[in-house]
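Data block below; observations after.
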Amino acid sequence: MNDTLPVQTGSAAQDAAQLAISVRGLIKRFGDVKALDGIDLDVPRGMIFAILGPNGAGKTTLIRLLATLAQPDGGTARVMGHDLATEPHAVRGAIALTGQFASLDEDLTGRENLIMLARLWGFAGRTAKARADELLSAFELSDAAKKQVKSYSGGMRRRLDIAASLIVTPGVLFLDEPTTGLDPKARQGVWKMIRALAKSGVTILLTTQYLEEADQLAARIAVIDHGRKIAEGTSRELKSAIGSGFLHVAVADTERLDEAEAILEHALDGTAQRSAEGATLSIVAGSPKAANEAIARLLAAGIELSDFSMGSPSLDEVFFALTGQPIEEDAQGDVS
Amino acid sequence: MSSAETGPAIETGPAMLSNVARPPRPSALANALTFGWRAVLKFKHVPEQLFDLIMTPLMFTLLFTFVFGGALAGSTSDYLQFFLPGILVQTVVFNSVYSGMGLSTDLSKGLFERFRSLPIWSLSPFAGLMVGDVLRHTIAGLIILTVGLVLGYRPEAGLTGIVASFLLLIAIGFGTGWIFIVLGLLIRTPMTVMTIGFTFIFPLVFASNIMVRPETMPGWLEAFVVRNPVSHMTTALRGLMAGTATGGEVLLALLAPALLTVVLSPVVLWLYRRR
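Heads up: the protein sequence lines correspond to chains A and B, in order. Be aware that the first sequence starts at -3, since it is given in the numbering used here, and climbs by one per residue. Be aware that the second sequence starts at 113, since it is given in the numbering used here, and climbs by one per residue.
So, in structure tokens, the structure goes:
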């Protein structure tokens, strides 16, 4: 595998029985393309664990395999102690899945959707209704309970979709890109729900394309690319490997961009990246103080800034730091 | 994570959810009935679908009775007496196309992904689909029958004949339903399911004895029509309504639905598990 793995704490030593998910050498092929190319993963019980990666990295494939929706071509996996290959029914009894696209009946009301699923799990009439109402109120959907799902906003759908996964408290909840396509306010709402859920003891494996999301929610993060794990660790460990604070600087006079780049690289002892449009420079600053000093040097050199900011690295920057390469848009292309 | 999020909103959030363990596993029948309940709810929320179900047979009934009836059978009332049992068969066969469309829609929306990740009997969503179909066939059939009664149709065997006829209709709908479930599983777009469905249902329905007696047709066509399963179904239904049906006629009518069920239900299971 990759020597750049920044952190690998002693999870391998943990007793397999304590793990919610344990994956060894998982492989999935679609024709000639290896969507998963030997993934190893250990997720302890009760943890929020994030799989971070670009489109086509294999995140959804991994979740589908673990939720028994597709068969692996190689490797083994255990979910809540049940073997994926030999005990799929037991795995289904211990998990819940909220896929990337809302899996709800749009013609039914939110309440009816939940009652239907509760009945499918085996709750009798009144118990099913009580559970539906409890979930609706926990996810702040009571007011919309009797409206058809087709009239719900994106955030409401997501919340109902997650609620639908909690009819029976699952051992593991899979959330495939839980906030993709949501506006910032709805995203905050979903994050709040996920955090609260984790407090109730559910193990959560979520996928995301946003470092910020993984950072906000997850105790551990695995970064995957081309079906392989390229890094794993806590958010802090990853960031210290990548560089936590990024300084973004927009130079007013683009003629002096090269000059500005040289000053920044000298001041912060790193490599600056130019934005696609060319007017913004991004560089690891380490601390606000260091960033401040770098900006002072730019101003001292008479370079005028139209904008500057401190922020987390983007997924692009994470990948650049981990692999030395930008994300390939066509990640399906060469996976040989 | 940190405790910074312990705001008041959390008090009503999922942290307050009681942890619920799995109840005893429900029976396959209970699962199928839940899916059937879903079909009933869909009727409640999307009553427009009734329009799709009865518009075509209604227009056929009026068109054939009043426009062609006199020419075909001497009088409109004689023709209606001949035609109405057949139009009921046509209604059921046409309407089973809609279950394939509904399935194709469900599959394209990811709802089945959730069903598949549940610990339930794999075939129960389809059994539920069938429960919904039975309901739709019964409602559509009753509406068309009522229109027929208003126009002057009189089943000689009375209520017994009607009940027996509807049982046969449900069996026919159940059998043909499998064809469209297979199509629904194979084809991603609901519109294509409908087009393909009607492409091979049209010849079966029109080259049958539903509208005219086969003796009036050219020999080669008559040879097809008398062997067409739709003709057997229509003959049996006319007999049941008139009180003259023989056991042989009914068995012949049930042959195609039984064969379809035996052959296609394993195919459905295989296609579904393969996805």
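Ideal placement from N, C-alpha and C gives every residue a C-beta, glycine not left out.
Counting along the chain, where does the beta strand (DSSP E) carrying residue i start and finish?
{"i": "V179 (chain B)", "result": "Element bounds for V179 (chain B): n/a, residue is neither H nor E."}
{"i": "P40 (chain A)", "result": "29 to 40"}
{"i": "K142 (chain A)", "result": "Looking at the DSSP string, K142 (chain A) is not in any beta strand (DSSP E), and its letter there is neither H nor E."}
{"i": "K195 (chain A)", "result": "K195 (chain A) -> not in any beta strand (DSSP E); alpha helix (DSSP H) instead, spanning 180 to 195."}
{"i": "F26 (chain A)", "result": "15 to 26"}
{"i": "F97 (chain A)", "result": "Note, F97 (chain A): premise wrong, no beta strand (DSSP E); not H, not E."}
{"i": "L48 (chain A)", "result": "44 to 48"}
Would you kindly report the start and end of the unbroken alpha helix (DSSP H) that includes residue i?
{"i": "T165 (chain A)", "result": "Counting along the chain, T165 (chain A) falls outside any alpha helix (DSSP H), and DSSP gives it neither H nor E."}
{"i": "S278 (chain A)", "result": "Where S278 (chain A) is concerned, there is no enclosing alpha helix (DSSP H), although the beta strand (DSSP E) it sits in stretches over 276 to 280."}
{"i": "H222 (chain A)", "result": "Run containing H222 (chain A): none; DSSP gives neither H nor E here."}
{"i": "T105 (chain A)", "result": "Here T105 (chain A) belongs to no alpha helix (DSSP H), and DSSP marks it neither H nor E."}
{"i": "L132 (chain A)", "result": "121 to 134"}
{"i": "R134 (chain B)", "result": "Careful: R134 (chain B) lies outside any alpha helix (DSSP H) and carries neither H nor E."}
{"i": "L366 (chain B)", "result": "359 to 386"}
{"i": "T288 (chain B)", "result": "270 to 298"}
{"i": "R60 (chain A)", "result": "55 to 62"}
{"i": "D265 (chain A)", "result": "Where D265 (chain A) is concerned, there is no enclosing alpha helix (DSSP H), given that its DSSP letter is neither H nor E."}
Do residue i and residue j have their CB atoms nearer than 8 Å?
{"i": "A319 (chain B)", "j": "F336 (chain B)", "result": "yes"}
{"i": "A368 (chain B)", "j": "P326 (chain B)", "result": "no"}
{"i": "A246 (chain A)", "j": "T276 (chain A)", "result": "yes"}
{"i": "T177 (chain B)", "j": "L162 (chain B)", "result": "no"}
{"i": "I284 (chain B)", "j": "V201 (chain B)", "result": "yes"}
{"i": "G223 (chain A)", "j": "L178 (chain A)", "result": "no"}
{"i": "A133 (chain B)", "j": "V87 (chain A)", "result": "no"}
{"i": "I220 (chain A)", "j": "G49 (chain A)", "result": "yes"}
{"i": "V374 (chain B)", "j": "V294 (chain B)", "result": "no"}
{"i": "G287 (chain B)", "j": "A370 (chain B)", "result": "yes"}
{"i": "K142 (chain A)", "j": "R107 (chain A)", "result": "yes"}
{"i": "M306 (chain A)", "j": "G266 (chain A)", "result": "no"}
{"i": "P330 (chain B)", "j": "W117 (chain A)", "result": "no"}
{"i": "I47 (chain A)", "j": "L61 (chain A)", "result": "no"}
{"i": "L93 (chain A)", "j": "A63 (chain A)", "result": "yes"}
{"i": "V168 (chain A)", "j": "A292 (chain A)", "result": "no"}
{"i": "S130 (chain B)", "j": "E130 (chain A)", "result": "yes"}
Could you tell me the alpha carbon to alpha carbon distance between residue i and residue j, rounded to whole angstroms?
{"i": "R127 (chain A)", "j": "L215 (chain B)", "result": "28 Å"}
{"i": "E289 (chain A)", "j": "V314 (chain A)", "result": "24 Å"}
{"i": "D190 (chain B)", "j": "I199 (chain B)", "result": "15 Å"}
{"i": "T146 (chain B)", "j": "G359 (chain B)", "result": "35 Å"}
{"i": "N207 (chain B)", "j": "Q205 (chain A)", "result": "44 Å"}
{"i": "L301 (chain A)", "j": "I259 (chain A)", "result": "13 Å"}
{"i": "S187 (chain B)", "j": "L257 (chain B)", "result": "20 Å"}
{"i": "A218 (chain A)", "j": "A151 (chain B)", "result": "42 Å"}
{"i": "G42 (chain A)", "j": "F170 (chain A)", "result": "13 Å"}
{"i": "T230 (chain A)", "j": "G289 (chain B)", "result": "53 Å"}
{"i": "I158 (chain A)", "j": "L254 (chain B)", "result": "41 Å"}
{"i": "D172 (chain A)", "j": "T203 (chain B)", "result": "43 Å"}
{"i": "R115 (chain A)", "j": "H344 (chain B)", "result": "40 Å"}
{"i": "M76 (chain A)", "j": "R226 (chain B)", "result": "19 Å"}
{"i": "L104 (chain A)", "j": "R386 (chain B)", "result": "28 Å"}
{"i": "L352 (chain B)", "j": "G273 (chain B)", "result": "5 Å"}
{"i": "F180 (chain B)", "j": "T168 (chain B)", "result": "16 Å"}
Pick helix, strand or coil for residue i, following the three-state DSSP scheme.
{"i": "S189 (chain B)", "result": "helix"}
{"i": "M76 (chain A)", "result": "coil"}
{"i": "V247 (chain A)", "result": "strand"}
{"i": "T199 (chain A)", "result": "strand"}
{"i": "S305 (chain A)", "result": "strand"}
{"i": "D172 (chain A)", "result": "strand"}
{"i": "I255 (chain B)", "result": "helix"}
{"i": "G229 (chain A)", "result": "strand"}
{"i": "R293 (chain A)", "result": "helix"}
{"i": "R216 (chain A)", "result": "strand"}
{"i": "Q205 (chain A)", "result": "coil"}
{"i": "A335 (chain B)", "result": "helix"}
{"i": "R270 (chain A)", "result": "strand"}
{"i": "Q328 (chain A)", "result": "Low confidence applies here, because Q328 (chain A) scores a pLDDT of 40, under 50, leaving its location unreliable; read the following figure in that light. Note: Q328 (chain A) maps to coil in three-state DSSP."}
{"i": "A92 (chain A)", "result": "strand"}
{"i": "G151 (chain A)", "result": "helix"}
{"i": "G71 (chain A)", "result": "strand"}
Of all the CB atoms in chain D, is at least one closer than 8 Å to the CB of residue i?
{"i": "V39 (chain A)", "result": "Note that chain D does not occur in the displayed structure, where the protein chains are A and B."}
Indicate, with yes or no, if the ligand SAH has a heavy atom lying under 7 Å from the CB of residue i.
{"i": "P169 (chain B)", "result": "In terms of ligand content, the structure shown is empty, and the ligand SAH therefore cannot be addressed."}
Could you tell me whether the stretch 258 to 278 of chain B touches the stretch 292 to 311 of chain B, using the rule of 3 or more Cβ pairs below 8 Å?
Between the stretch 258 to 278 of chain B and the stretch 292 to 311 of chain B, the count of Cβ pairs shorter than 8 Å is below three; the stretches do not touch.
For the stretch 62 to 70 of chain A and the stretch 19 to 29 of chain A, state whether three or more C-beta atom pairs, one from each stretch, are separated by less than 8 Å.
At 8 Å Cβ cutoff, the stretches touch.
For the 8 Å Cβ check, are there 3 or more pairs between the stretch 223 to 242 of chain B and the stretch 168 to 183 of chain B?
The stretch 223 to 242 of chain B, when compared against the stretch 168 to 183 of chain B, does not touch it at the 8 Å Cβ threshold.
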